[in-house]
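Engineer:
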Amino acid sequence: MKFYLSILFSILLYSESIGQVNTQLLESLMKQRPDQFAEILNNPNEFRVQLFYTQIDRDVNNIPHFKEYSYRLNPSEYFYPASTVKMPLAILALDKINSLQIPGLTKSSTLFYDSVGARQEIIYNNPYAENGKQTIEQAIKEIFLVSDNNAANRLFEFIGQEAIHTKLAEKGYQDAYIRNRLDLGRTQEESRQTQAIDAFDDNGKLIYHFNPQYNKQPLPNYNVQLGKGYINNNDSLINAPLDFSTKNRIYLNDLHHILQSVIFHDQTPKENQFNLTTEDRAFLTKWMHTLPTESVYPTYDTAAYWPAYCKFLYMGSEKGPVPSNIKIFNKVGDAYGFLLDISYIVDPINKVEFMLSGVIYCNQDGILNDGKYDYDTIGFPFYKNMGRLMYDFELKRKKEFLPNFDSILPQ
188 MKFYLSILFS ILLYSESIGQ VNTQLLESLM KQRPDQFAEI LNNPNEFRVQ
238 LFYTQIDRDV NNIPHFKEYS YRLNPSEYFY PASTVKMPLA ILALDKINSL
288 QIPGLTKSST LFYDSVGARQ EIIYNNPYAE NGKQTIEQAI KEIFLVSDNN
338 AANRLFEFIG QEAIHTKLAE KGYQDAYIRN RLDLGRTQEE SRQTQAIDAF
388 DDNGKLIYHF NPQYNKQPLP NYNVQLGKGY INNNDSLINA PLDFSTKNRI
438 YLNDLHHILQ SVIFHDQTPK ENQFNLTTED RAFLTKWMHT LPTESVYPTY
488 DTAAYWPAYC KFLYMGSEKG PVPSNIKIFN KVGDAYGFLL DISYIVDPIN
538 KVEFMLSGVI YCNQDGILND GKYDYDTIGF PFYKNMGRLM YDFELKRKKE
588 FLPNFDSILP Q
């Protein structure tokens, strides 16, 4: 009962918030390009589309001011957030390091993950790192470069299931539940339990021992079933909806505002700011826009990880180079037919900037977990077209003061 009252309260808050958000602009812009958006606009419920756009205007002192716009923003319409949850995990890991204030503990400290429960692995090295060490710093790089699942799971172990929800709720995201690791298929009981972790300095001296954590707090059941069938672990088709009631959940505009709190920290209300240093924010924003082909450690095969990999908005599935004047700070996700992108897009040459986040469901046959989704025919073209639609709109939009990006794109 308490959970449903929470949902009702959230919907009321959203209704009040959406009342202050322009809900017409995005739809009207899409209608101007029917060849690209007619199918989506004619079937918005089928595609479960939600969009959130922030218009940014700078004043004479280069301070940004925001206007928010949405399309079908709806907290009661569940979507699976997939890898977008890795962004708050990266932020929370840095927040935890700063909040603990343990002498010698930094994002570059070597971490040794010990097994204390069923199906937990002992992990002490990372072949992608320059020094072969497992660190928070390396995990965050891998999350933003190629959306690595193992890297995200190391952060989940470090923060802990209970602390993830508690901290997000403290910062204003009460209904955000990142309760499961990614791509591991653990039970709900196993997800409550984290590993023990030892942190070492560069000389191999123990800095701190983190005891394993166990979340004793109750978790909500969302009562969400999607699809008409799914493939189970035995590769058999089950002719029934797939239950999402105990999977991860976070609202689109919460993800959007979490990204905004990093990009525009000084304009974020104090109560919503994460405990990040100036260097932390510079580190995060650097790796949010760095392309896989620009990274040395980790280094990736360019055939598998092309320049625009994980840059859905504006680039779609294009494997060519990202235009040199475009910088995309973002985190994407794709799973169970849901395709997401949470983005801040900048063109320092033409003085364009905007935030745009979206989710779309690309599964027209209604079968889940079969790996056959309509990303290439529906999702990626939608994001490419949507990103360019908003870029073109911003390129033509008159601004009294042009932005200076030196703080986020240092020379």
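Start counting the sequence shown at 188; every next residue gets the next number (our numbering). Here a beta-carbon is modelled for each residue, glycine too, at the ideal position from N, C-alpha and C.
Determine whether the beta carbon atoms of Gln179 and Ser302 lie at a separation below 8 angstroms.
Structural biologist: Examination of residue 179 is not possible in this model, given that the chain is present from 188 through 598 alone.
Engineer: Give me the residue from Leu276, Gln237 and Pro510 with the minimum Cα distance to Glu344.
Structural biologist: The shortest C-alpha separation from Glu344 is found at Leu276.
Engineer: Looking at the unbroken alpha helix (DSSP H) that takes in Leu238, where does it start and where does it end?
Structural biologist: Where Leu238 is concerned, there is no enclosing alpha helix (DSSP H), although the beta strand (DSSP E) it sits in stretches over Gln237 to Arg245.
Engineer: Considering Val519, what are the terminal residues of the beta strand (DSSP E) in which it resides?
Structural biologist: Val519 -> beta strand (DSSP E) spans Lys514 to Ala522.
Engineer: According to DSSP, Thr465 sits in a beta bridge with which residue or residues?
Structural biologist: DSSP lists no partner for Thr465.
Engineer: Quick one, are the C-beta atoms of Ile418 and Asp557 less than 8 angstroms apart?
Structural biologist: Yes, they are a contact pair.
Engineer: Indicate the three-state DSSP secondary structure (helix, strand or coil) for Val546 in the structure shown.
Structural biologist: If DSSP states are grouped into helix, strand and coil, Val546 belongs with the strands.
Engineer: What residue ranges within the segment 436-504 form continuous alpha helix (DSSP H) runs of no fewer than 4 residues, ordered along the chain?
Structural biologist: 439-450, 465-476 and 499-502, all fully within the segment 436-504.
Engineer: Thinking C-alpha only, which one of Glu317, Asn209 and Leu292 is nearest Ser482?
Structural biologist: With distances taken between Cα atoms, Ser482 lies closest to Glu317.
Engineer: Determine the burial state of Phe253: buried for a count of at least 16 other Cβ atoms within 10 Å of its Cβ, exposed for fewer.
Structural biologist: Answer is exposed; the Cβ neighbour count stays below 16.
Engineer: To the nearest angstrom, how far is the alpha carbon of Gly319 from that of Met573?
Structural biologist: The alpha-carbon atoms of Gly319 and Met573 are separated by roughly 40 angstroms.
Engineer: Rounded to whole angstroms, what is the Cα-Cα separation between His396 and Asp385?
Structural biologist: When rounded, the distance between both Cα atoms is 5 angstroms.
Engineer: Could you tell me which of Asp528, Pro535, Gly520 and Thr477 sits nearest to Pro508, measuring between CA atoms?
Structural biologist: Among Asp528, Pro535, Gly520 and Thr477, the Cα nearest to that of Pro508 is on Thr477.
Engineer: Going by the beta-carbon positions, is the gap between Phe525 and Tyr267 smaller than 8 angstroms?
Structural biologist: Closer than 8 angstroms, so yes.
Engineer: Jot down the residue ranges of each uninterrupted alpha helix (DSSP H) in the segment 292-336, minimum 4 residues, whole runs only, in chain order.
Structural biologist: Qualifying alpha helix (DSSP H) stretches, in chain order: 323-333.
Engineer: Examine the Cβ distances between the segment 516-524 and the segment 268-288 and report whether three or more of them are shorter than 8 angstroms.
Structural biologist: Counting Cβ pairs under 8 angstroms, three or more are found: they touch.
Engineer: Have a look at Pro568 and Gly503 and give me their C-alpha separation to the nearest angstrom.
Structural biologist: Computed Cα separation, rounded: 6 angstroms.
Engineer: With 16 other CB atoms within 10 Å as the buried threshold, where does Trp510 fall?
Structural biologist: Going by the sequence as given, residue 510 is Pro instead of Trp. The residue in question, Pro510, is exposed, as its Cβ has fewer than 16 Cβ neighbours within 10 Å.
Engineer: Please classify Ile327 as buried or exposed, where buried requires at least 16 neighbouring CB atoms within 10 angstroms.
Structural biologist: Flag for Ile327 reads buried.
Engineer: Is the beta carbon of Gln380 closer than 8 angstroms to that of Gly304?
Structural biologist: Closer than 8 angstroms, so yes.
Engineer: For the beta strand (DSSP E) that Gly416 lies in, which residues bound it at each end?
Structural biologist: Unbroken beta strand (DSSP E) run through Gly416: Gly416 to Ile418.
Engineer: Label Arg259 either buried or exposed according to how many other C-beta atoms from any shown protein chain fall within 10 Å of its C-beta, with 16 as the threshold for buried.
Structural biologist: Per the 10 Å Cβ criterion, buried.
Engineer: Here's a check: name, in chain order, each residue in its chain whose Cβ is nearer than 8 angstroms to the Cβ of Val247, leaving out the five neighbours to either side.
Structural biologist: Cβ neighbours of Val247 beyond the five flanking positions: Phe588.
Engineer: From what residue to what residue does the alpha helix (DSSP H) around Pro275 run?
Structural biologist: Looking at the DSSP string, the run of the alpha helix (DSSP H) that includes Pro275 is Lys273 to Leu287.
Engineer: Per DSSP, which one or two residues make a beta bridge with Leu413?
Structural biologist: Leu413 pairs with Leu429.
Engineer: For Asp563, count neighbouring Cβ atoms within 10 angstroms of its own Cβ and tell me buried if that reaches 16, exposed if not.
Structural biologist: Answer is exposed; the Cβ neighbour count stays below 16.
Engineer: Given Ile289, which residues of its chain have a CB within under 6 angstroms of its CB, disregarding the five upstream and five downstream residues?
Structural biologist: For Ile289, where only same-chain residues beyond five positions count, the Cβ hits under 6 angstroms are Tyr395.
Engineer: By how many angstroms is the C-alpha of Asp422 removed from the C-alpha of Leu371?
Structural biologist: When rounded, the distance between both Cα atoms is 16 angstroms.
Engineer: Where do the ends of the beta strand (DSSP E) carrying Asp385 lie?
Structural biologist: Its beta strand (DSSP E) spans residues Ala383 to Phe387.
Engineer: Tell me the rounded alpha-carbon separation between Lys583 and Pro535.
Structural biologist: When rounded, the distance between both Cα atoms is 15 angstroms.
Engineer: My output table needs one value for Glu226: the three-state DSSP class, helix, strand or coil.
Structural biologist: Helix at Glu226.
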